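Down below is the structure, laid out as structure tokens.
Residue numbers (full-length UniProt numbering), protein chains in the order written: chain A, 1 to 405; chain B, 1 to 499.
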């Protein structure tokens, strides 16, 4: 008897996980087309009611398993997904390098808000309206960003390169939201091989390598955003969320440009490592919070999990400011400008990581304030101290208990 | 016989006169048929809606789409403690056993209705998610009994979602009705809550028409997590149970719905089954078109029944080459329906139409296939019977009892049987014509606006009549346990009704 009932359970939506009593069971069986006659003929039970009770008994056995929230990519996978776009940049560096610093800064000011804002908004849309609606929001948002870049490129040049870069940012943003991190990692393999080949004497023609890298990035983005084709309209409020989080991205991009102009290109080197690290840590933090919300069965248990998560996240936030502080101390002994610049880069990387984590905790305005206030405060007499103070303040805010549910 | 003119508040959930669907056309028929009564049409919606697509009849004194929202609290009012007690009663009642749980939910809703008089969002200051989690854990630990199992595990996130939905639902208790003689609720939890609040606050008698069962899932709810769906369903069922117990009369549209209502605590003496109706003048029989064999289906949204239909139609095409299928669905679902047709590889033989009126599609088919969706009221089968076409229905809900022996009824889970029934009718014009005529005659004799008007006129009068004294007569109590619930006049009227 249990085998036919088990087969029946598999036909129910979600395996009958929402069935609570015999009325629910009878309604679910009726929706499958089971009648008194079917119950007698196929299941050997006298009535639909008897079959409903048999179904309940079967379902009751599975009700004691602990909650298992949806698995999510770990921080290493989140950070590693940057490898593909980074490799594409390396492979096409001889082509994009002549575009110059102003174009790169302008592109950063368009791409960072788009990636940050649309990433958070799409995650919220996915939870409410599904994957296709999130893909539609991302596709629409990056189309708007592309149009903005086309306008900006009238002054700075590099229209095609900028659009390809935006496709890369779109792929980076879409992968964790739409469940495509593994796919983006797979795209990263040939791109990394291409970049490695370009660093050897057996390199391809620069133009060919750049075209191959661009095509791979655009294809990856198109594949990830493909569900947008059959998507319903995004829920109300999605664009407002994108704007709130986009301001944080804009503040971070502005801070990076400030660092570059104040301390030179050396200072931006730590940011190249800090940005993927910040993104991975913030993504992991958000996923852990979501897991805690899904798995905790009481508010007390949820708060306990949040406290542990805050401590772990704070530990993850410490290394970059610590390196920045150590470099600052070393630079004072050696009085080397390059070391001071690296120190500033590390410290700003710490600030941006803290800001990203705050945004991931549902505090986008606080994150924006931290990211924007740091360069403003650092434009005074002691920029390193101001950046360290901003990091410390952000760390304290991170350790504070968040909203319970 | 003189009937008093009554003022009736007709309550729907996003329906008449603001939406065109099966239940709205039933409401329209009812309001039009009872032109001596004054109707106040109220439909409860979540977002603002446009003007009504239906022209309002002269006896509709007012029509309003009431947006159920948080609103502003009246200054100087505070009821956090009372709301907290109500929330605990509500959550524990939802998960309690049928008798005690129902009493707790009724108590909770009464308290919330009182609070809602001053605050449109009576649960705004209550940590509802925490209370729900607590009740859920207690319920999982308790002995569930034979007919119940522990509810699925509920996490904090899902509890927050469920709490937000319950909080929103309870805002319907704040909806104010005009001064009327009867509040008539036609389906939906939100209108029932509004009617219950009016009943408790102002003593407005309540009449409930049940055309759907509250277990059925609303569009979009399949996205919710199973425990959230379970919480919503328990809430809807508990509200229905309260509504059935508090209503002066309950009018199911079929024996199928009557059975549901009886299983959920309604007193048999308060239940009067009134079958659906459609106007034969608006649904004239049209001669079959000479365009070849064809089937027709009209539905509200593409659900599992469309898969069944398409699978069966593939079988029909094998036996009757050149057969076509006309489908009708609301505008919003047209793309999804086309997608399903393309996935089934039947695009060449299937035409998808969009719009509210099924008459055109029914006229284009030789056989109407009636596969009601999960939340579809039984109105559409009567329209199908009036179309002058043979009807093949699946055995679900009230289809078999309404169709009787004037159509073909096949099991719900058998596309082969559905295909065989369609093929048999498509290849036998005489039987097709005989069944079509019989179905139309059955609808014309049983499911007419005149029947509907007569039944509801009596129901309104009964519901609006002053309550019969039910105080126990102590001198008789000792010797004869007389029934305390009087049999309503409607039931007496039905007993007199010639068959």
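We put the CB at the ideal spot given by N, CA and C, even for glycine. All values reported here derive from a predicted model rather than from experimental measurement.
Query                                                                                                                     : Result
C-alpha gap between residue 84 of chain B and residue 126 of chain B, whole angstroms                                     : 6 angstroms
Supposed close pair residue 402 of chain B, residue 378 of chain B - CB separation, criterion 8 angstroms                 : 6 angstroms
Classification of residue 26 of chain B by the beta-carbon crowding that lies within 10 angstroms, buried from 16 upward  : buried
Exposure label - residue 270 of chain B; buried when at least 16 CB within 10 Å                                           : buried
is_contact[residue 297 of chain A, chain B] using C-beta, thresh 8 angstroms                                              : yes
Beta-ladder partner(s) of residue 39 of chain B, from DSSP                                                                : B/8 and B/60
Range covered by the beta strand (DSSP E) that runs through residue 185 of chain B                                        : 182-186
Residue 397 of chain A, DSSP secondary structure in three states                                                          : helix
Residues sharing a beta bridge with residue 324 of chain B, DSSP                                                          : B/294
Reduced DSSP secondary structure (H/G/I, E/B, other) of residue 461 of chain B                                            : helix
Entirely enclosed alpha helix (DSSP H) segments - the stretch 225-268 of chain A, minimum 4 residues                      : 238-263
C-beta neighbour in chain B for residue 382 of chain A, strict 8 angstroms                                                : no
Stretch pair the stretch 15-22 of chain B + the stretch 47-60 of chain B: three plus CB contacts closer than 8 angstroms  : yes
Chain B contact residues for residue 17 of chain A, given Cβ-Cβ distances below 9 angstroms                               : 152, 225, 226, 227, 229 and 230
Contact residues within the stretch 111-137 of chain B, judged by C-beta distance below 9 angstroms to chain A            : 127, 129, 130, 133, 134, 136 and 137
First and last residue of the uninterrupted alpha helix (DSSP H) at residue 429 of chain A                                : Because chain A here runs from 1 to 405, residue 429 of chain A falls outside it and cannot be looked at.
Contact with chain A by residue 155 of chain B, beta-carbon distance below 8 angstroms                                    : yes
Contact set between residue 294 of chain A and chain B, taken where Cβ atoms lie within less than 9 angstroms             : 155, 156, 157, 158 and 225
Alpha-carbon to alpha-carbon, residue 177 of chain A and residue 325 of chain A                                           : 35 angstroms
Alpha-carbon to alpha-carbon, residue 292 of chain A and residue 268 of chain A                                           : 35 angstroms
Where the beta strand (DSSP E) through residue 209 of chain B begins and ends                                             : 206-210
Same chain, Cβ closer than 6 angstroms to residue 350 of chain B, neighbours up to 5 away in sequence not counted         : 325 and 341
Which listed residue (B/272, B/337, B/235 and B/456) has its alpha carbon closest to that of residue 92 of chain B        : B/235
Three-way DSSP call (helix, strand, coil) for residue 469 of chain B in this model                                        : At residue 469 of chain B the pLDDT is 49, less than 50, meaning the model places this residue with poor confidence; the figure from the coordinates comes in the next sentence. In the structure shown, residue 469 of chain B sits in coil (DSSP, three-state: anything other than H, G, I, E or B).
Start and end residues, alpha helix (DSSP H) containing residue 88 of chain B                                             : 80-95
Any C-beta of chain B under 8 angstroms from that of residue 360 of chain A                                               : no
Beta-carbon separation (whole angstroms), residue 84 of chain A vs residue 188 of chain A, contact threshold 8 angstroms  : 3 angstroms
Of the residues B/108, B/101, B/445 and B/394, the one placed nearest residue 275 of chain B, counting alpha carbons only : B/445
Local conformation of residue 478 of chain B per DSSP, three classes                                                      : Unreliable positioning characterises residue 478 of chain B in this predicted model, as indicated by a pLDDT of 41, which lies under 50. The coordinate reading is nonetheless provided below. Residue state, collapsed to three classes: coil.
Residue 177 of chain B in three-state terms, based on DSSP                                                                : coil
Residue 53 of chain B, DSSP secondary structure in three states                                                           : coil
Span separating the alpha-carbon of residue 124 of chain A from that of residue 5 of chain B                              : 53 angstroms
Below-8 angstroms beta-carbon distance, residue 469 of chain B vs any chain A residue                                     : Since pLDDT at residue 469 of chain B reaches only 49, below the 50 mark, its modelled position is unreliable, and the value read off the structure follows with that caveat. Not one chain A Cβ lies under 8 angstroms of residue 469 of chain B.
Nearest-angstrom Cα separation, counted from residue 265 of chain B out to residue 476 of chain B                         : Low confidence applies to residue 476 of chain B: its pLDDT is 42, below 50, so where it sits in the model is not reliable, and the reading given next is rough at best. Their Cα atoms are separated by approximately 27 angstroms.
Alpha-carbon to alpha-carbon, residue 170 of chain A and residue 263 of chain A                                           : 29 angstroms
Chain-ordered residues of the stretch 374-399 of chain B with a beta carbon less than 9 angstroms from chain A            : 374, 394, 395, 396 and 397
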